[in-house]
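2 protein chains.
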Amino acid sequence: MCLQYSEAMQDNRARILEAAARVYAQYGYRGATTRRIAEAAGVNEITVFRHFGNKGTLLDCVAHECGLSESVPPLPSRPADPESELTAWIQARMAHNRGLRQLILQTMSELQARPDMAPCVGHGPIDAANQLRDYVVRLRRFGLLDVAQPTGLRPLEVNAAVAMLMSASFTDAMSREMMPEMFPSPAEKAAGAYVRVFLRAIGYRAPQTGTSDPSPTDSPARKVRVSLSSSTSI
Amino acid sequence: MCLQYSEAMQDNRARILEAAARVYAQYGYRGATTRRIAEAAGVNEITVFRHFGNKGTLLDCVAHECGLSESVPPLPSRPADPESELTAWIQARMAHNRGLRQLILQTMSELQARPDMAPCVGHGPIDAANQLRDYVVRLRRFGLLDVAQPTGLRPLEVNAAVAMLMSASFTDAMSREMMPEMFPSPAEKAAGAYVRVFLRAIGYRAPQTGTSDPSPTDSPARKVRVSLSSSTSI
DNA sequence: ACTGAAAGTAAGCCGTTACTTGCATGTAAG
DNA sequence: CTTACATGCAAGTAACGGCTTACTTTCAGT
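Protein sequences, first through last, are from chains A and B. Going left to right, the first sequence walks through residues 0 to 233 as numbering that gives the first Met the number 0 numbers them. Going left to right, the second sequence walks through residues 0 to 233 as numbering that gives the first Met the number 0 numbers them.
Here you go:
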């Protein structure tokens, strides 16, 4: 039946795409030659052209189909243990980013020449930052943030704290290997440390013993003047 | 006199180096063709080869001579107004990094193929992080940090806070343009917000009125158990 | 006027790269 | 068995890129 042709075809197509992603991540756009890609895919160079027409189309497909889309589980909608929840989330994000390190760096460095790649590389981090902002809103709703600090907790700084946590996990994943002196904390402890710093900065206080299962309704923090939304620029 | 030859020669050499840096930043190693560099320098292609022998040597010289070395004034040795001092420092660092953005991204993405570039791109940030760590030590010596916080101020987390501030300023400079949603705070306010979050996280308290000109000797914070050094891995 | 360093011009060599064309092979559907 | 499709192989083309050779121009110092 016609599906078997199609299956074999899809098979080769997938192998070419995967090989192209690997070669592109290692050598960049110019260095990802059609010969190298075909060789890495175990396929004749001509097959590449028959499937994708030309190199540009192939690498566009790589960018849109490959793993830059998120595969990190979301933050819980009801915060229970913020420190461990955030740490697990940051750890997963760092592992994800480490795996895509070369691909991300190549794409970022070539954004000027191929600006249409911007959403492809930007969507993941932006979405994650919005998730984190929403999580902070939930922490506040559940009364887990100390809003009576002397200096006050302004939206500008909460956004800054979010950007700092996202940046730290991203930069750590991108560059710990190339400049370890920048990250004196060992890799397995880094995520937890970032999260603790973040929580301290946004005024997180572990709930008092006995205040288990906090509900949003009985929290005095709801009428605080700070309101945050993931899509609101401050 | 013979110096005029040399001056003219240095002139062309400098123009080639500067043009090579521009072309490399825009197109990367493979895209920085000798023809493009020569054209950008307003010089014959052969002159490039006569000066540098081959493309590799030229781009090595670019990496070692160009502006990746620091030009940011250091943090003051006697902290007076940490928030404004750090903000000015971070702002200068961000401006510096923004100017070198493409050069940094290209070099980072090609580190796998040219590992000898690692110190060239890594020295600046590492040095800056060490400066910041030393500054925190000075804040502590001058009694400007609240070390009696409930959760305690452990070196692991101070290092994490340093990494977060450095990462945030770096990532902001690198990627605000390509994904503005990631940084909802306006660029001119971002540095100050990062610094305030950082100071809050490390337990900075503005000195009480009347405690002007703090001296390191009369500070009770000196005998705290936390000791930090810029070259110590924790 | 002569010398010699620095720069330019013209031309080319040789390998690489993207992409094409033409032909043969295998294989499954009808 | 035929048809159609997917793939492979051989060869080639046009352009580009690193680098060289052989020669000329410019111009300060002697």
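A virtual CB, placed ideally from N, CA and C, is assigned to each residue, including glycine.
Within chain B, the C-beta atoms nearer than 7 Å to that of I125(A) come from M178, E180 and M181, in chain order.
Judged by beta-carbon spacing, A160(A) lies within the 8 Å limit of A200(A), meaning their Cβ atoms are closer than that value.
DSSP, read as helix, strand or coil, puts L144(A) in strand. DSSP places Q105(A) inside the alpha helix (DSSP H), whose first and last residues are R100 to S108. Using a Cβ-Cβ cut-off of 8 Å, M93(A) is close to nothing in chain B; its nearest Cβ partner there is about 12 Å away.
Two segments are said to touch when three or more pairs of C-beta atoms, one from each, lie closer than 8 Å; by this definition the segment 178-185 of chain B touches the segment 117-132 of chain A.
Between A24(A) and the set A37(A), Q111(A) and L104(A), the nearest pair of CA atoms involves L104(A). Where S166(A) is concerned, the enclosing alpha helix (DSSP H) starts and stops at P154 to S174. In summary, the residues of the segment 193-205 of chain B whose CB is separated from some CB of chain A by less than 7 Å are Y193, R195, V196, R199 and A200, in the order they occur in the chain. Of the other Cβ atoms in all chains shown, fewer than 16 fall within 10 Å of the Cβ of T32(B); this residue is therefore exposed. Chain A has no Cβ within less than 8 Å of the Cβ of N96(B). For the set G27(A), G30(A), A62(A) and R29(A), the Cα lying nearest the Cα of L16(A) is the one of A62(A). Three or more pairs of CB atoms, one per stretch, sit closer than 8 Å, so the segment 76-92 of chain A contacts the segment 121-140 of chain A. One finds Q25 and Q101 in chain B with Cβ atoms closer than 7 Å to the Cβ of Q111(A), taken in chain order. Listed along chain A, no residue sits closer than 7 Å to K54(B) by beta-carbon distance, the nearest being about 14 Å off. Using a CB distance cut-off of 8 Å, T46(B) does not count as an interface residue toward chain A.
Beta-carbon to beta-carbon, D145(B) and G202(B) are separated by about 4 Å, close enough to satisfy the 8 Å threshold. Contact residues of the segment 17-42 of chain B toward chain A are Q25, Y26, G27, R29 and G30 (C-beta to C-beta distance below 8 Å). The Cβ of Q105(B) sits closer than 8 Å to at least one Cβ of chain A. Across the structure, S168(A) and M93(A) are spaced so that their CA atoms are roughly 6 Å apart. Using beta-carbon distances, G142(B) does not count as an interface residue toward chain A, since no partner is under 8 Å. For Q130(A), the number of other beta carbons within 10 angstroms of its own is at least 16, and it is reported as buried.
Contact check for S70(A) and H95(A): beta-carbon distance about 6 Å, within the 8 Å limit, so the pair qualifies. With contacts defined as CB atoms closer than 8 Å, L155(B) and A190(A) fail to qualify as a contacting pair. By alpha-carbon distance to T170(A), the top candidate from D10(B), M107(B) and D59(B) is M107(B).
The C-beta distance from E84(A) to R195(A) rounds to 13 Å, too long to fall under 8 Å, and the pair is not in contact. By the neighbour-count criterion, in which a residue is buried when 16 or more other Cβ atoms sit within 10 angstroms of its Cβ, I36(A) is buried. In terms of Cβ geometry, L164(B) and F197(B) form a close pair [threshold 8 Å].
In this structure, L57(A) sits away from V42(A), with a CB-CB distance that is not shorter than 8 Å. In this model, R113(B) and L102(B) are separated by some 14 Å (Cα to Cα). Secondary structure note for F48(A): its alpha helix (DSSP H) is the uninterrupted segment E44 to F51. Nearest CB-CB separation between A13(B) and chain A: not below the 8 Å threshold.
With fewer than 16 other Cβ atoms from the protein chains shown falling within 10 Å of its own Cβ, R34(B) counts as exposed. Against chain A, the beta carbon of A79(B) has no neighbour under 9 Å; the closest one sits roughly 19 Å away.
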